[in-house]
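Taking it in order: structure first as structure tokens, then the write-up.
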């Protein structure tokens, strides 16, 4: 009987020791969860900031190439070394009238006679001046693409100036003669006639014609570089 009691006491003591060891082992095992600093939850991983490599890819996708902005006057060039007027785009302004050569109602039709009108920077008043020879030029309206010429191909006193398709004929070609700095007379090639204002009129809608060379300011023109 005594042996049995002793054996039971030994078993009970052993169970108590095993229970104590189990509790200590549980305390040493780290718990998984948000309170454990050694383990990151999935939400922490998903919210982690992108690396510089990641952000650079996004930036590249969001940036578009800049548009080309010039903001400078049109470049004038010379085809011939002794060219008096550089190739380029100009408004042609009357020295006396202070009005510009103009296409009525921005006409693009052939045989439209040109006129004087208050300068307004519209394409109806802008002309491409292009050298064909040393000092021989074609004058083309920017809006219509038509060239200035003498009406009916007859270069004579009082013939009107109009626009038309270009055929590389002499009545469509002009020579510039400088009167003073920046002021010119415009002569029709192979003739002694110059671009003039009918009746020396300085008002809007005055027509342009050709007359013999004179000192009248109605034959004098200022070239204004434009876009």
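Residue numbers (my numbering): -3 to 223.
No residue lacks a Cβ here, since even glycine has one placed at the ideal position from N, Cα and C.
It should be emphasised that the depicted structure is a prediction, and the values quoted were computed from it without experimental measurement.
For residue i, three-class secondary structure by DSSP
| i | result |
| --- | --- |
| residue 195 | helix |
| residue 80 | coil |
| residue 215 | helix |
| residue 187 | coil |
| residue 143 | strand |
Residue j beta carbon less than 7 Å from that of residue i
| i | j | result |
| --- | --- | --- |
| residue 171 | residue 131 | yes |
| residue 158 | residue 207 | no |
| residue 106 | residue 160 | yes |
| residue 89 | residue 218 | yes |
| residue 156 | residue 205 | yes |
| residue 112 | residue 202 | yes |
| residue 91 | residue 194 | no |
| residue 191 | residue 198 | no |
| residue 120 | residue 79 | no |
Buried or exposed by the 16-neighbour rule on C-beta atoms within 10 Å, applied to residue i
| i | result |
| --- | --- |
| residue 101 | exposed |
| residue 142 | buried |
| residue 149 | exposed |
Quiz prompt | Length at least 3, wholly inside the stretch 89 to 134: the beta strand (DSSP E) runs in chain order | solution = Complete beta strand (DSSP E) runs here, min 3: 96 to 98, 111 to 113, 123 to 129.
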